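Please read the structure below before turning to the comments.
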Amino acid sequence: MDLAGKLSLYGKPGKPSGPAATGHDQDKSGESVRAGLELSQPSVLTFSGLEFSEISPDLYFRREVYEDLQLGDARLSELLVQPMQFLDDLLPVDSQPATPAMIHRNEVLFLDTETTGLGRGPGNFPFLYGLAWISEQGLIFEQYFLNGPGAEESFHQILRDLVSRFSAICSYNGKSFDIPLIRNRFILLGERFRAPPVHLDLFHFWRSVGGGMRKKLRNRSSEVGKKKGFKQKNMEEEVLAFYREDDLPGSEVPQVYFDFRKYGRNDRMHLVMKHNEWDLQGLALLFLKAIGIVNEQRDQVSLYRSGIARMFLRHGRSQESLEILQDITAKPSDEGYLEELLYGDRLLLGLLLKKAKRYEEADLIFEGLFRKYRCMQSCIELSRYKELRCRDLSQALSIAREGLDLLEFRGVEAKDRYYQDLIRRTRRLENRLHGTQSEANAAQRKR
Numbered sequence: 001m002d003l004a005g006k007l008s009l010y011g012k013p014g015k016p017s018g019p020a021a022t023g024h025d026q027d028k029s030g031e032s033v034r035a036g037l038e039l040s041q042p043s044v045l046t047f048s049g050l051e052f053s054e055i056s057p058d059l060y061f062r063r064e065v066y067e068d069l070q071l072g073d074a075r076l077s078e079l080l081v082q083p084m085q086f087l088d089d090l091l092p093v094d095s096q097p098a099t100p101a102m103i104h105r106n107e108v109l110f111l112d113t114e115t116t117g118l119g120r121g122p123g124n125f126p127f128l129y130g131l132a133w134i135s136e137q138g139l140i141f142e143q144y145f146l147n148g149p150g151a152e153e154s155f156h157q158i159l160r161d162l163v164s165r166f167s168a169i170c171s172y173n174g175k176s177f178d179i180p181l182i183r184n185r186f187i188l189l190g191e192r193f194r195a196p197p198v199h200l201d202l203f204h205f206w207r208s209v210g211g212g213m214r215k216k217l218r219n220r221s222s223e224v225g226k227k228k229g230f231k232q233k234n235m236e237e238e239v240l241a242f243y244r245e246d247d248l249p250g251s252e253v254p255q256v257y258f259d260f261r262k263y264g265r266n267d268r269m270h271l272v273m274k275h276n277e278w279d280l281q282g283l284a285l286l287f288l289k290a291i292g293i294v295n296e297q298r299d300q301v302s303l304y305r306s307g308i309a310r311m312f313l314r315h316g317r318s319q320e321s322l323e324i325l326q327d328i329t330a331k332p333s334d335e336g337y338l339e340e341l342l343y344g345d346r347l348l349l350g351l352l353l354k355k356a357k358r359y360e361e362a363d364l365i366f367e368g369l370f371r372k373y374r375c376m377q378s379c380i381e382l383s384r385y386k387e388l389r390c391r392d393l394s395q396a397l398s399i400a401r402e403g404l405d406l407l408e409f410r411g412v413e414a415k416d417r418y419y420q421d422l423i424r425r426t427r428r429l430e431n432r433l434h435g436t437q438s439e440a441n442a443a444q445r446k447r
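All the letters of the sequence shown, read from the start, carry residue numbers 1 to 447 under the working numbering.
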C-alpha cells in the first residue's frame with residue numbers, strides 16, 4: 001500500500017476512511033472462507049448467554065463489534081482520536097527487510113489463544129482463538145472455539161485468509177508462546193503458517209517503558225513483597241486502571257476445557273470465553289496507549305520517557321535516545337523520578353555521548369557521577385578520558401587510585417571486575433609515568 005493510501009486513512013479524527021484504504025475488508029475479514037464452510041444444519045453452543053454458531057464440524061464462531069469500549073480509565077473512542085497512529089516508532093529500525101513502512105493501527109491484527117497447556121510442543125492444543133482489529137466501526141472482535149483437534153484444518157483456512165489481510169500482528173508475549181505454538185500446529189497438518197512481516201509484542205514494550213514505574217513501586221513501603229511482574233493484567237491495572245472482576249485465572253483454563261470435553265460440564269466455559277475477550281480488549285487498548293505514549297513522549301512523565309529512551313536504543317535509534325536522556329536528566333523535577341533511575345539515565349547518557357564522540361560532554365557527565373555517586377564505571381571512563389584524550393597521565397593515575405582506594409575501603413572481593421580493571425590501570429599508568437620520567441632524566445643527563 002502506497003503512502004497516499006495510508007494517508008487516506010485520516011479523514012475525521014477517530015474515523016479512518018474505510019476498509020478499502022487498508023487493502024482488506026476489515027469488517028468482513030475471514031467471512032468469505034467462513035461462508036464456504038457453512039453447514040447445512042449448523043448447531044449452536046451457548047455458554048451462559050454467549051452464543052457460538054457452528055461453521056464447520058466442531059468449529060464454532062462468535063463476533064462482537066464494540067463501537068466504543070471502556071476498561072478502567074481508558075476509553076476506545078478517546079484513544080482513537082490521537083493523531084498519526086502509526087506503529088513504526090514501536091519497531092526496530094532494521095526489524096526486517098520486507099517490513100512495510102508506516103503501518104497504521106487499522107492494519108494490525110490482535111491475537112490471543114487459550115490452550116490445553118503451557119508448552120509449545122505438539123501436545124498443547126489451542127482450542128480458543130481470539131482475534132480483533134480496529135475499523136471505522138470500532139473494535140471488531142471474533143472468537144473461534146475448536147471443540148477438538150478435528151476442527152483445526154477448517155480453522156487454519158480461516159486464519160490464513162484473515163492474517164494475510166493485515167500488515168502486522170500484535171500480541172502479549174506471543175513471540176514466545178502463541179506464534180510458535182500456531183506454527184507447530186500448522187506443521188502437524190503439513191501446512192505452513194505465514195505470519196505478517198511485523199509482530200509487535202507488547203510484553204517487551206511495557207517491560208521496557210514500565211521499568212522505571214516498577215522501580216518506583218518496589219520502593220514504596222506498601223508495595224514491599226508484592227513483586228509485580230509485567231503480565232498483561234498487571235499492565236492493565238497500572239496503565240489502564242482496569243481491574244478484572246471474577247476473572248478466571250489462566251492456570252485454570254485447561255482444566256475447565258477438559259471438564260467440558262470429558263464430562264460435558266459447561267458451567268465455567270463462559271469464564272474462559274470472557275477471559276479471552278478481556279485479553280483482546282486489554283491488548284487493543286494497551287496498544288493504542290503505547291502508540292500515544294511514544295508519539296507524545298515529550299508530554300509523558302520522566303519515568304515513561306526513560307523507558308522509551310532505552311527502547312529506542314535497543315531499536316538502533318541511539319540519537320533519539322540520547323536526546324530524550326539529555327532532556328529528562330537536565331532538570332529532573334518529576335515526583336517519583338527516583339535518584340536510582342536518574343543515576344542510571346545519566347550513566348547511559350554519558351556512554352551515548354562517548355559513542356557519539358562528544359567526549360567533553362561525556363567527561364562532564366562521568367565527573368559528576370563519580371563525585372556524587374562514587375560510580376566506578378564513571379571513574380574508569382574518567383581515567384580513560386584523561387589518559388587518551390587529554391594526555392594527562394598524572395591526572396588519569398590520580399583518578400584511578402582514588403577509585404581503587406574507595407573499593408578497598410568498601411572491602412570488595414579481589415575478583416570484582418572494577419577492582420581488577422583499576423589494578424591493571426594503575427599499574428600500567430605507573431609504568432608509563434615511570435618510563436616517561438626515565439626518558440626525561442636521560443634527556444637531561446645528555447645535556
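Where a beta carbon is used, it is the ideal one built from N, C-alpha and C, also for glycine.
Values in this document were obtained by computation on a predicted structure and should not be read as measured data.
Exercise. Do Ser-306 and Leu-341 come within 8 Å of each other at the CB atom, strictly closer than that value?
Worked result: yes
Exercise. With respect to the beta strand (DSSP E) encompassing Ala-132, which residues constitute its N-terminal and C-terminal limits?
Worked result: 126-135
Exercise. So which of Ser-394, Met-376, Gln-326 has the shortest CA-CA distance to Tyr-418?
Worked result: Met-376
Exercise. Going by beta carbon distance, what residues of the same chain come within less than 8 Å of Tyr-343, once the five residues before and after it are set aside?
Worked result: Leu-369, Tyr-373, Cys-375
For this session: Measure the beta-carbon distance from Leu-109 to Leu-131 and round it to whole angstroms, keeping in mind my assumption that it falls under 8 Å.
Result: 6 Å
Exercise. For Met-235 versus Trp-278, is the C-beta spacing smaller than 8 Å?
Worked result: no
Exercise. For Pro-254, which residues of its own chain have a beta-carbon under 8 Å away from its beta-carbon, when the five flanking residues on both sides are left out?
Worked result: Thr-115, Thr-116, Gly-117
Exercise. How close, in whole Å, do the beta carbons of Phe-47 and Met-269 come, if the pair is a contact with beta carbons under 8 Å?
Worked result: 4 Å
Exercise. With 16 other CB atoms within 10 Å as the buried threshold, where does Tyr-144 fall?
Worked result: buried
Problem set entry | Buried/exposed call for Leu-353, threshold 16 Cβ in 10 Å | buried
Exercise. For Asn-106, is the classification buried or exposed, using 16 other Cβ atoms within 10 angstroms of its Cβ as the cut-off for buried?
Worked result: buried
Problem set entry | For Ser-515, the three-state DSSP class (helix, strand or coil) | Outside the modelled stretch of the chain, which goes from 1 to 447, sits residue 515, for which no answer is possible.
Exercise. Should Leu-202 be flagged as near chain D, meaning a C-beta pair shorter than 8 Å?
Worked result: The question asks about chain D, but that chain is absent: this structure has only one protein chain.
Problem set entry | Length of the line joining the Cα atoms of Arg-401 and Arg-424 | 11 Å
Exercise. Going by the beta-carbon positions, is the gap between Asp-112 and Asp-178 smaller than 8 Å?
Worked result: yes
Exercise. Exposed or buried, what is Asn-431 when buried is set at 16 or more other beta-carbons lying within 10 Å of its beta-carbon?
Worked result: exposed
For this session: Pick out whichever of Met-273, Arg-63, Ile-158, Glu-136 has its Cα sitting closest to the Cα of Glu-142.
Result: Arg-63
For this session: Give me the Cα-Cα distance between Trp-133 and Ala-284, rounded to the nearest whole angstrom.
Result: 8 Å
Exercise. CB-CB under 6 Å to Cys-170, same chain, minus the five flanking residues each way: which ones, in chain order?
Worked result: Val-108, Phe-110, Leu-200, Phe-287
Exercise. Whose CA, out of Leu-406, Gln-137, Leu-349, Ala-151, lies closest to the CA of Phe-127?
Worked result: Ala-151
Exercise. Can you name the start and end residues of the alpha helix (DSSP H) that Asp-405 belongs to?
Worked result: 393-410
For this session: Report the residue from Thr-426, Tyr-257, Gln-281 whose alpha carbon sits nearest the alpha carbon of Asp-405.
Result: Thr-426
Problem set entry | Boundaries of the beta strand (DSSP E) in which Ile-103 is found, first to last residue | Where Ile-103 is concerned, there is no enclosing beta strand (DSSP E), given that its DSSP letter is neither H nor E.
Exercise. Excluding the five sequence neighbours on either side, which residues of its own chain have a C-beta within less than 8 Å of the C-beta of Asp-246, listed in chain order?
Worked result: Leu-271
Problem set entry | DSSP state of Cys-170 mapped onto helix, strand, coil | strand
Problem set entry | C-beta contact flag for Gly-138 and Leu-240 at 8 Å | no
Exercise. If you count every other CB in all the chains shown that lies within 10 Å of the CB of Glu-54, and 16 or more means buried, which is it?
Worked result: buried
Exercise. Going along the chain, which unbroken runs of the alpha helix (DSSP H) with 4 or more residues stay wholly within the region 301-367?
Worked result: 302-314, 318-330, 339-355
Problem set entry | C-beta contact flag for Leu-69 and Gln-281 at 8 Å | yes
Exercise. What are the residues that DSSP puts in a beta bridge with His-199?
Worked result: Ile-169
For this session: Going by DSSP, name the residue or residues bridged to Asp-112.
Result: Gly-130
Problem set entry | C-alpha gap between Leu-181 and Leu-429, whole angstroms | 57 Å
Problem set entry | For Gln-143, the residue or residues it bridges with in DSSP | Arg-62, Gly-130
Exercise. In the structure shown, what three-state DSSP assignment does Ala-284 receive?
Worked result: helix
Exercise. How many angstroms separate the CA atom of Gly-435 from the CA atom of Glu-320?
Worked result: 44 Å
For this session: Taking Val-163 as part of the alpha helix (DSSP H), name the residues at either end of that continuous run.
Result: 152-163
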